[in-house]
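Engineer: I am attaching a structure below and will ask some questions about it afterwards.
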Amino acid sequence: MTSDSGTKPARNYNLDMLRGLAAVCVAYSHLILKMHNRGETDVLTRGLFSATKVFLDVGKLGVIVLFALGGYFILSSLQNAARRYQRPLTAFLLHRFFHLYPAYWLSLLFGVLLPWDDPGRIFPAEVVAINATMLQGFFLTENVMGLYWTLQINLTFYAICALLFLVGRAGDLRVVTAATVAFFVFAALISLIRYKFGIKMPVALPLMVGVCFLASLWKASNAGRDRDKSRYAWIAIGAFYALLLPICLLAYSHDYGFEETWYRYTISYGTGMTIFLAVSAMKRPLLNRLSPLGSASYTIFLCHPSVYAALDRIGFTPTATSLPPSVILICSVLCAIASGLIIDRVVLKPVFAWGESVVSAVSGRHLNATFAR
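Quick note, the sequence shown lines up with residues 635 to 1007 if you use the working numbering.
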């Protein structure tokens, strides 16, 4: 973000790099799991599967990193919107709309036309219509793509942030810290219910909303450098690590069909949070040549299953070609990355630019305010 004086802080390219790599980890994780389940493996892919899916699951690691990065700027962006716009909440909601829905609708179209899990699947019109709202989880309607569950958590987090802003508490770190810890405690409580009564409770929702708030506190504390504010961030971080093992042990000791294993969740989520905290605190650039992946991370995340489905349709699989599974794996992930970069630049960038003009027109931007990230 820029200040009202127009002074623009240096962009943290490490966060862009981390966001892009996290999305790639998710895309890779889905493909190698599918190839493993199909028996399309060789020595290299079997080794990769053991290293990246058995104990440490890089897909779950990538998901928690994406949630943390998704929450990192949100509360500060709400406060900055109050300085930039006459109607800051309207501006915030419109920004979120233009950053979430155009790419989502495009992926929904791809998901309907190119379902990966079941190539012959035809989704009922009402399922597609409800999915178009991004609220299908709240209506107990199936996701056209399994990964859409993450988006309803994002919407929940945005709604809570908007509510905090409305009551004038978005900048109150004591309130935000209390909310963060409360979400982690709530996740632990419903994990206990899930374990004791065998009811599949939505543990991920409070856990990941808490992660988003934790990241916003980390941002407010300048990655722990601000002495006055860092204690709030460390309270949230301490609560996360203290409750992570009990949450995962209680919630994921029973497999409900998604290969739940408590130690995999604990290791993956704990490692992902540690990586987020470490990388976001770095001052020196790290692999900044990969930072362009950051802007396309959302598209890579949403569209990679349809890219894989398209490759399956044209016969780019180990069983249909003479290529080794490891080559198929690498080429398929590269195709998903390239597709995400192209869609982001050719389709979504113009939409974002138009969206900014809409936000300014509807929200009444102050004359002296400038907009950055």
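We treat Cβ as the ideally placed atom computed from N, Cα and C, and that holds for glycine.
For Tyr829, name the three-state secondary structure that DSSP assigns.
Structural biologist: helix
Engineer: So, is Tyr903 buried or exposed, given that buried needs 16 or more other C-beta atoms within 10 angstroms?
Structural biologist: So Tyr903 counts as buried.
Engineer: Considering just the uninterrupted stretch of the alpha helix (DSSP H) at Asp946, what are its terminal residues?
Structural biologist: 931-947
Engineer: Alpha carbon to alpha carbon, what distance is there between Leu695 and Gly906?
Structural biologist: A direct Cα-to-Cα measurement between Gly906 and Leu695 gives close to 5 Å.
Engineer: Would you call the segment 817-831 in contact with the segment 853-860, where contact means no fewer than 3 C-beta pairs closer than 8 Å?
Structural biologist: For the pair of segments examined, the segment 817-831 was found not to touch the segment 853-860: the number of CB pairs separated by less than 8 Å stays below three.
Engineer: Got a sec? Which residues, its chain only, sit under 6 Å from Val985 by beta carbon, not counting five neighbours each side?
Structural biologist: Pro736
Engineer: Could you have a look at Arg645 and say whether DSSP puts it in helix, strand or coil?
Structural biologist: Secondary structure of Arg645 (DSSP, three-state): coil.
Engineer: On a CA-only basis, which of Gly780, Ile787, Leu781, Tyr719 is nearest Gly704? Give me that one, please.
Structural biologist: Ile787
Engineer: What residues in its chain sit with their C-beta under 6 Å from that of Asp691, if we drop five residues either side in the sequence?
Structural biologist: Arg898, Ser902
Engineer: Could you give the residue range of the alpha helix (DSSP H) that holds Asn788?
Structural biologist: 783-800
Engineer: Would you say Lys863 lies against chain D (beta-carbon separation less than 7 Å)?
Structural biologist: The structure shown contains no chain D; it is built from a single protein chain.
Engineer: For Arg898, which of helix, strand or coil comes out of DSSP?
Structural biologist: Arg898 sits in a helix when the DSSP states are folded into three classes.
Engineer: If we count the other Cβ atoms within 10 Å of its Cβ and call it buried at 16 or more, is Arg999 buried or exposed?
Structural biologist: buried
Engineer: Pull up the distance between the alpha-carbon of Ser825 and that of Arg865, whole angstroms please.
Structural biologist: 27 Å
Engineer: From Arg803 to Gln713, what does the alpha carbon distance come to, in whole angstroms?
Structural biologist: 10 Å
Engineer: By Cβ distance below 6 Å, which residues in the same chain neighbour Pro952 in space, the five residues on each side in sequence not counted?
Structural biologist: Glu674, Pro959, Ile962
Engineer: Which residue wins for smallest C-alpha separation from Leu884, given the options Pro939, Phe820, Val810?
Structural biologist: Cα-wise, what sits closest to Leu884 is Phe820.
Engineer: Since Ser940 and Trp750 are thought to touch, with beta carbons under 8 Å apart, how far apart are those beta carbons, to the nearest angstrom?
Structural biologist: 7 Å
Engineer: So Val699 and Ile909 are supposed to be a Cβ contact under 8 Å. How far apart are they, rounded?
Structural biologist: At roughly 6 Å, the Cβ-Cβ gap stays under 8 Å, so Val699 and Ile909 are in contact.
Engineer: So, are the CB atoms of Ala930 and Asp978 less than 7 Å apart?
Structural biologist: At a Cβ-Cβ threshold of 7 Å, Ala930 and Asp978 count as neighbours.
Engineer: Along the chain, where does the alpha helix (DSSP H) that runs through Asn765 open and close?
Structural biologist: Where Asn765 is concerned, the enclosing alpha helix (DSSP H) starts and stops at 759-765.
Engineer: Between which two residues does the alpha helix (DSSP H) carrying Phe874 extend?
Structural biologist: 861-885
Engineer: Considering just the uninterrupted stretch of the alpha helix (DSSP H) at Glu990, what are its terminal residues?
Structural biologist: 983-997
Engineer: Mind checking which residues open and close the alpha helix (DSSP H) that includes Ile964?
Structural biologist: 959-977
Engineer: Alpha carbon to alpha carbon, how far is Arg755 from His664?
Structural biologist: 19 Å
Engineer: Anyone know if the C-beta pair for Phe818 and Leu911 falls short of 7 Å?
Structural biologist: Phe818 is not a Cβ neighbour of Leu911, given a cutoff of 7 Å.
Engineer: Count the other CB atoms, across all protein chains shown, that sit within 10 Å of the CB of Tyr792; report buried if there are 16 or more and exposed otherwise.
Structural biologist: buried
Engineer: According to DSSP, Tyr719 sits in a beta bridge with which residue or residues?
Structural biologist: Arg999
Engineer: Work out the CA separation of Leu798 and Pro722 for me, nearest whole Å.
Structural biologist: 13 Å
Engineer: Going by DSSP in three states, Pro836 sits in which element: helix, strand or coil?
Structural biologist: coil
Engineer: Mapping DSSP to helix, strand and coil, what is Thr905?
Structural biologist: helix
Engineer: Alpha helix (DSSP H) containing Lys917: first to last residue?
Structural biologist: Run containing Lys917: none; DSSP gives neither H nor E here.
Engineer: Considering Gly754, what are the terminal residues of the alpha helix (DSSP H) in which it resides?
Structural biologist: Looking at the DSSP string, Gly754 is not in any alpha helix (DSSP H), and its letter there is neither H nor E.
Engineer: Can we say the segment 867-876 touches the segment 841-853, given the rule of at least three CB pairs closer than 8 Å?
Structural biologist: yes
Engineer: Can you say whether Trp988 is buried or exposed, counting buried as having 16 or more other CB atoms within 10 angstroms of its CB?
Structural biologist: Under this definition Trp988 is an exposed residue.
Engineer: If you draw a straight line from the alpha carbon of Thr933 to that of Leu975, how long is it in whole angstroms?
Structural biologist: 8 Å
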